[in-house]
RNA sequence: CGGGGAGUGGCGCAGCCCGGUAGCGCACAGCGUUUGGGACGCUGGGGUCGCAGGUUCGAAUCCUGUCUCCCCGACCA
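Residue numbers (this note's numbering): 1 to 519.
Take a look at the structure:
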């Protein structure tokens, strides 16, 4: 289905309307999804219902029980299954950050309004999306507090006290927490008023050191997203217009969703001395001079969960890469008579013990209130990479029937060496998913040299388009006519190559630029 | 924040125009038969109709306000 989204969208846009609308909140129990069948009509094809990509996304997130809506606009509840994905993301990223010398800490949720104003571009950038606390303890506050949209300001106020000498540098601190931005338009995981993330804030002696840090983090992110989430990314820099409010350089990672639109997967900023200067953080350098430290900040958020859904999902629901899936394997026992049940359950317990010992993340669906067929669909909806069907026939043959979620192929696997077989099957699922996503991104990435060509391309086949750009913001703004924007510039300007006349205005091109419609 | 659509048992909807005290399917509970791709029968429980005002003898239904969700736009590291 994913490949059809592009065309489906166009069809919908030019007249076709979809009928089933509205949120489809999830089932009643942790494992009792009943969505994707509006009206309860099981004969109705899911494919026919999911004509609208946006609607598909919401339905999938709700019915896989990743999250649910709350009475507060733009604020979702992340349900256990969704949070389990986040915990796996955290574990991986946290391990990488620790391995590169970073330490975790925690800073206040509330930030004095005056702090936000210290850095001119910073406050200008964030002013429209601040949530402001005006009262506390029944009293009007002498100074308003903002709920952190990001923590640079409060952290640099601390760094002023913590950094006195070059011997105190570098400071390599990360924080796992939440942030609040008053968004006008919200979508679960992709954009919301409150989201969970990690934000790293480092301080260094030199620009070069800070820049190396920002790039190191970007590399860590890229590796994680590509190797663990199986999502290809394009690393690059943001244009002046798109960069972080208060940064000198913003490095970004852009990924292509199945509808051809770009999603910013995370950013890493070289903040120069902007915040050091604004908060008067000074250190005595080796040369005896007082200097402002050079700093960075970087973040990835729960938006990555949205990316997993949008990149890998299909008409049956989620498909999770084995390396991040809360459950890598789910076992569905099958029997008809009580005698069969006894032997099957004994066999399942044996398999369970072996796979548990092999370190697989495993779930046994022992519900006897629903049929095996129901369970198959249920776990496919949740994207479990591999399902083991174990019934009397399997017991008799001393095997299990394995069904992989990504290709929906089934195969029998003998009990001998089962764990090893599953490990390699999971690896194959992981690499197949990565290759599939890579192929989609590659086949929807093109180079164009003329504005008309770009416009026609974006209209006919949404995706990534490399253009030549003169660097003039006016040309960048014209892309808005196409509902597109510059998502990234090549990492290194020098290596970018001028590639020819600016795709927009025809003047000398200074750099290549990646253009796409964005989430 | 502008334009459009929608909120009625857990979910999907009907009822609203022409006010008279709420209905259907699925889900849920019990029992029985079932179980290798979303099982079936019987019985049963569950709803201050998003919220707040107003009109009326009487409001799911008419009026006003407000909140949330969806779509389009503007905005958005």
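Beta carbons: idealized from backbone N, C-alpha and C, even for Gly.
Under a 10 Å Cβ-count criterion, residue 198 is classified as buried, with 16 or more other Cβ atoms of the shown protein chains found around its own Cβ. Within 10 angstroms of the beta-carbon of residue 80 lie fewer than 16 other beta-carbons, which makes it exposed. One thing to note: residue 234 has its Cβ no nearer than 8 Å to the Cβ of residue 225.
A distance of 8 Å or more separates the beta carbons of residue 129 and residue 56. Contact between the region 351 to 364 and the region 320 to 339 is present, with at least three C-beta pairs closer than 8 Å. Inter-segment contact for the region 327 to 334 and the region 342 to 351 is present: three or more beta-carbon pairs are separated by less than 8 Å. Under the three-state reduction of DSSP output, residue 239 falls in the coil class, being neither helix nor strand. In the three-state reduction of the DSSP assignment, residue 348 falls in the helix class. Annotation for residue 184: no beta strand (DSSP E) segment contains it, and DSSP assigns it neither H nor E. When beta bridges are read from the DSSP output, residue 504 appears opposite no residue.
Boundaries of the alpha helix (DSSP H) harbouring residue 61: 53 to 63, taken from the DSSP string. With respect to the 8 Å criterion, residue 413 and residue 399 are classified as neighbours on the basis of their beta carbons.
The residue from 458, 492, 505 with its alpha-carbon nearest to that of residue 259 is 458. Contact annotation, residue 292 with residue 282: C-beta distance approximately 6 Å; criterion of less than 8 Å satisfied.
Bounds of the beta strand (DSSP E) holding residue 201 are 194 to 204.
Within its own chain, the residues whose Cβ lies closer than 7 Å to the Cβ of residue 305, once the five positions on either side in sequence are excluded, are 66, 82, 85, 86, 189, listed in chain order. For the pair residue 386 and residue 405, the CB atoms are nearer than the 8 Å cut-off. For residue 162, the enclosing alpha helix (DSSP H) has its first and last residue at 152 to 162. Contiguous alpha helix (DSSP H) elements confined to the region 446 to 495 occur at 451 to 460, 473 to 478, taking only those with 4 or more residues. When the alpha-carbon of residue 420 is set against those of 377, 463, 351, 450, the nearest one is in 351. Ranked by Cα distance from residue 227, the first of 438, 456, 466 is 438.
By the C-beta density criterion, residue 101 is exposed, having fewer than 16 other C-beta atoms within 10 angstroms.
Per DSSP, the beta-bridge partners of residue 264 are 254. At a Cβ-Cβ threshold of 8 Å, residue 255 and residue 231 count as neighbours. When secondary structure is reduced to three states using DSSP, residue 110 falls in the strand class.
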